[in-house]
Amino acid sequence: MSSVSRRNFLRTGLAGGAVLLAPGLRAQSTELAASAGARRARNVIFLVSDGMSLGTLTMAERHLRRQEGRGTHWLGLYDRPDLRRALMDTASANSPVTDSAAASSAWGCGHKVKNGAINFAPDGRPRTPILRLARAAGKGTGLVTTATITHATPAGFAAQVEARADEGIIAAQYLEVGVDVLLGGGARFFDPAQRADQRDLFADYARAGYAVVRDAAALRAASAGGRLLGTFDDGHLPFALDHRADPALRATVPTLAEMTQVALARLAAHERGFVLQIEGARVDHAAHANDIGGLLFDQLAFDDAVGVAAAFAAGRDDTLVIVTSDHGNANPGLNGAGGSFTSRGGSYGDTQECFDRVARFSQTNVWTLAGLGPDSSAAQVRERVHTATALDFDDDEIEMLRHALRKEHREGYRVRNAPLVAYGQILANHTSVGWTGTQHTTDYTELAAFGPGSEAIGGVVQNNALFGVMTRALGLPVPA
Ligand SMILES: [Zn+2]
């Protein structure tokens, strides 16, 4: 197949649910494999910034260049002559706007599924995700995330459930599959006191030979070899910005980069290589909340993990590294300032001045509103906002936020009535960062890859085509 028709295949060959489930898929995959050359990968590292619109990546780059005089690790990869790039179409089997379950399943099993499903095809058939195939081939496997470890994105590489909310079932499936390294949040899905069936999954994992750790100190103290389950919160791990601000959180919860380092060190010892997925999950959550501090600093924490993965792969030619996002979310962007004036007619400043303010934020908007309520006084609102952002809201903005806290705020686009979103909109005056909504978007996502097998990537790629890219690079047999 020529490179043109290969790209055509990636663009159109797997689009649409009906085509995906047709028996022709295997034949097409084989054809692509033949064209991709003989380069084989021993390892795959798959990095996902969940819900990352292109504006998020751009702002992370601008922030670092301005504040630290360096760029992101992600965009630094674009200097590599061997880097392959594509735009990725993330539509699911039933919507132009995917959720994380359908997106991760598409990568994980090669089939577009409906939103909410984890590796269950629209015809009701379970599909085999890549970590199970890797296990069957004797490879090491790992999942690392800042969400619950049982959340949709990690689950898409290893679990099979009809509904992503079945996190207690997913926690048990990881043990059955024998995923070697599991690091993230979600202790409540392993804890007998919090599980519906009262099963002590922590004990079951320990019996199966896993080192089970619950805080950062135990993670650092764990012996180097063997299987590892680390859960560092009952729910999701804290946002990077709030984590940084709280010494107690820093002592108990590792960073995504640190978890990535630990996972790679363990998996590198596997004789037959490994497949590891790493997710910066809370970029998505910050975007849903229109929370620029949460968004930017979680993207930067994710980028640190990209740096760790790139350092691991440097100087070796056996590791396929893929960096991408599962979908856009709320499409944040640094807008040109100038048309926005304070209630007294003053200027909020120029664009750069506005964006520089985000660098001085010390807490997320979620943190800020958690300390306020419908009865908060103007003085309380003013002080809480200042503590979190170093900003001084004018009287008008304070009243608007108090209104929102009382659930009385009204805008044309009604998703903006919610207190968190209204607060994000008011902050936009000061930061010049605006948002289009509060949900996932259909925007194509950025896809970057290097290493053996990455040759197949280019143009506009369907998300489920990445499954074939990975399995072919690894030489994994794929069930029909
Ligand atoms: Zn989301």
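To convert, take the position in the sequence shown, counting from 1, and add 732; that gives the working numbering.
We treat Cβ as the ideally placed atom computed from N, Cα and C, and that holds for glycine.
As a quick exercise: from T1174, A1000 and L973, pick the residue whose alpha carbon is nearest that of G957.
Along the sequence shown, read from residue 1 onward, the residue named residue 957 stands at position 225. The residue with the shortest Cα to Cα distance from G957 is A1000.
Three-state secondary structure (DSSP) at F889?
Taking the sequence shown and counting its residues from 1, one reaches residue 889 at position 157. DSSP places F889 in coil when its eight states are reduced to three.
Which full runs of the alpha helix (DSSP H) of 4+ residues lie inside the stretch 927 to 982, going along the chain?
Correct list: 933 to 939, 948 to 953 and 972 to 977.
Looking at the unbroken alpha helix (DSSP H) that takes in N1097, where does it start and where does it end?
Taking the first residue of the sequence shown as 1, we reach residue 1097 at position 365. Element bounds for N1097: N1097 to A1102.
By DSSP, does D1175 sit in helix, in strand, or in coil?
Taking the first residue of the sequence shown as 1, we reach residue 1175 at position 443. Coil at D1175, not helix or strand.
Can you give me the C-alpha to C-alpha distance between D811 and A1180, rounded to a whole angstrom?
What you label residue 811 is simply residue 79 of the sequence shown in a count that begins at 1. What you label residue 1180 is simply residue 448 of the sequence shown in a count that begins at 1. So the two alpha carbons sit approximately 12 Å from each other.
Within the continuous beta strand (DSSP E) that includes E1011, where are the two ends?
Within the sequence shown, numbered from 1, the residue matching residue 1011 stands at position 279. Counting along the chain, the beta strand (DSSP E) containing E1011 begins and ends at F1006 to G1012.
So N775 is in the beta strand (DSSP E); what residue range does that whole segment cover?
In the sequence shown, counting from the first residue as 1, residue 775 sits at position 43. Looking at the DSSP string, the run of the beta strand (DSSP E) that includes N775 is N775 to S781.
Which first and last residues belong to the beta strand (DSSP E) in which V845 is found?
As a working mapping, residue 845 is identified with position 113 in the sequence shown. Segment: none, V845 is in no beta strand (DSSP E) and carries neither H nor E.
For P858, name the three-state secondary structure that DSSP assigns.
Counting from 1 along the sequence shown, the entry for residue 858 is found at position 126. P858 falls in the strand class under three-state DSSP.
What residues are listed by DSSP as bridge partners for M820?
Counted from its first residue, the sequence shown places residue 820 at position 88. Bridge partners of M820: T1177 and V1193.
Between L988 and G1077, what straight-line distance do the alpha-carbon atoms span, to the nearest angstrom?
If you number the sequence shown from 1, residue 988 lands on position 256. If you number the sequence shown from 1, residue 1077 lands on position 345. Distance between the alpha carbons of L988 and G1077 is about 43 Å.
Given 8 Å as the limit, tell me if D1023 has its C-beta closer than that to any heavy atom belonging to ligand 1.
Your numbering for residue 1023 matches position 291 in the sequence shown. Every heavy atom of ligand 1 is 8 Å or more from the Cβ of D1023, so no.
Buried or exposed: which applies to D974, given that a residue is buried once 16 or more other Cβ atoms fall within 10 Å of its Cβ?
Walking along the sequence shown from the start, residue 974 turns up at place 242. Label assigned to D974: buried.
Less than 8 Å separating the Cβ of G1214 from some heavy atom of ligand 1?
Residue 1214 is absent from the model: the chain starts at 733 and stops at 1212.
With A1041 and T992 assumed to form a contact (beta carbons below 8 Å), what rounded beta-carbon distance in angstroms separates them?
Here residue 1041 refers to the residue found at position 309 when the sequence shown is read from its first residue. Here residue 992 refers to the residue found at position 260 when the sequence shown is read from its first residue. Yes, they are in contact, since the Cβ atoms of A1041 and T992 sit about 6 Å apart, within 8 Å.
With hydrogens ignored, establish whether the beta-carbon of D1016 is closer than 8 Å to any heavy atom of ligand 1.
As a working note, residue 1016 is residue 284 in the sequence shown. Yes, the Cβ of D1016 comes within 8 Å of a heavy atom of ligand 1.
With DSSP run on the structure shown, which of helix, strand or coil describes N1061?
Translated into the one-based positions of the sequence shown, residue 1061 becomes position 329. Strand, per DSSP.
For L875, which beta-bridge partners are listed by DSSP?
Here residue 875 corresponds to residue number 143 of the sequence shown, with the count starting at 1. L914 and Q1009, per the DSSP bridge assignment.
Would you tell me roughly how many angstroms separate the C-alpha atoms of D1049 and E1085, rounded to the nearest one?
The residue given as residue 1049 occupies position 317 in the sequence shown. The residue given as residue 1085 occupies position 353 in the sequence shown. Distance between the alpha carbons of D1049 and E1085: 43 Å.
So is the beta-carbon of D831 under 8 Å away from any non-hydrogen atom of ligand 1?
Locating residue 831 in the sequence shown gives position 99, counting from the first residue. Yes, since a heavy atom of ligand 1 falls inside the 8 Å radius drawn around the Cβ of D831.
Rounded to the nearest angstrom, what separates G1166 and V1147 at their Cα positions?
Translated into positions along the sequence shown, residue 1166 becomes position 434. Translated into positions along the sequence shown, residue 1147 becomes position 415. Going by the C-alpha atoms only, they are around 14 Å apart.
Taking one C-beta from the stretch 1058 to 1066 and one from the stretch 785 to 803 each time, how about it: are there three or more such pairs within less than 8 Å?
Result yes; three or more Cβ-Cβ pairs closer than 8 Å.
Are D1016 and V985 close, meaning C-beta to C-beta below 9 Å?
Here residue 1016 corresponds to residue number 284 of the sequence shown, with the count starting at 1. Here residue 985 corresponds to residue number 253 of the sequence shown, with the count starting at 1. No. Outside cutoff.
Once you ignore the five residues that flank R772 on each side, which residues in its own chain have a CB closer than 7 Å to its CB?
Looking up residue 772 in the sequence shown gives position 40. Here the set comprises P1184, A1205 and G1207.
Compute the minimum distance between the beta carbon of H1172 and the heavy atoms of ligand 1, and state whether it is under 8 Å.
Here residue 1172 refers to the residue found at position 440 of the sequence shown. Answer for H1172: yes, Cβ within range of ligand 1.
Using a Cβ-Cβ cut-off of 6 Å (strictly less than) and excluding sequence neighbours within five positions of V1210, which residues of its own chain qualify?
Sequence index remark: in the sequence shown, residue 1210 carries index 478 (1-based). These residues qualify, in order along the chain: T1203.
Taking 8 Å as the cut-off, does the CB of N1067 come closer than this to any heavy atom belonging to ligand 1?
For this step, residue 1067 is matched to residue 335 along the sequence shown. No, the Cβ of N1067 stays beyond 8 Å of every heavy atom of ligand 1.
Between the beta-carbon of R859 and the beta-carbon of Q892, is there less than 9 Å?
As a position in the sequence shown, residue 859 is number 127, starting the count at 1. As a position in the sequence shown, residue 892 is number 160, starting the count at 1. Yes, these two residues count as a Cβ contact at 9 Å.
If you draw a straight line from the C-alpha of A1037 to the C-alpha of E990, how long is it?
For this step, residue 1037 is matched to residue 305 along the sequence shown. For this step, residue 990 is matched to residue 258 along the sequence shown. Each residue's alpha carbon lies about 8 Å from the other.
Considering just the uninterrupted stretch of the beta strand (DSSP E) at L1052, what are its terminal residues?
Locating residue 1052 in the sequence shown gives position 320, where the first residue counts as 1. Counting along the chain, the beta strand (DSSP E) containing L1052 begins and ends at T1051 to T1056.
Can you tell me whether H1020 sits near ligand 1, meaning its C-beta is under 8 Å from at least one heavy atom of the ligand?
If you number the sequence shown from 1, residue 1020 lands on position 288. Yes - ligand 1 has a heavy atom lying nearer than 8 Å to the Cβ of H1020.
If you follow the alpha helix (DSSP H) that Y906 is in, where does it begin and where does it stop?
As a working mapping, residue 906 is identified with position 174 in the sequence shown. Element bounds for Y906: E899 to V909.
Tell me, which residues are paired with I850 by DSSP?
Against the sequence shown, residue 850 aligns to sequence position 118. Note: I850 sits in a beta bridge opposite V893.
In the DSSP assignment, what residue or residues form a beta bridge with L1066?
Numbered from 1 along the sequence shown, position 334 holds the residue referred to as residue 1066. Partner(s): V1165.
Which residues in the same chain have their Cβ closer than 8 Å to the Cβ of Y1080, if we skip the five residues on either side of it in sequence?
Translated into positions along the sequence shown, residue 1080 becomes position 348. Cβ within range, chain order: A1069, S1072, F1073, T1074, C1086, N1161, H1162 and S1164.
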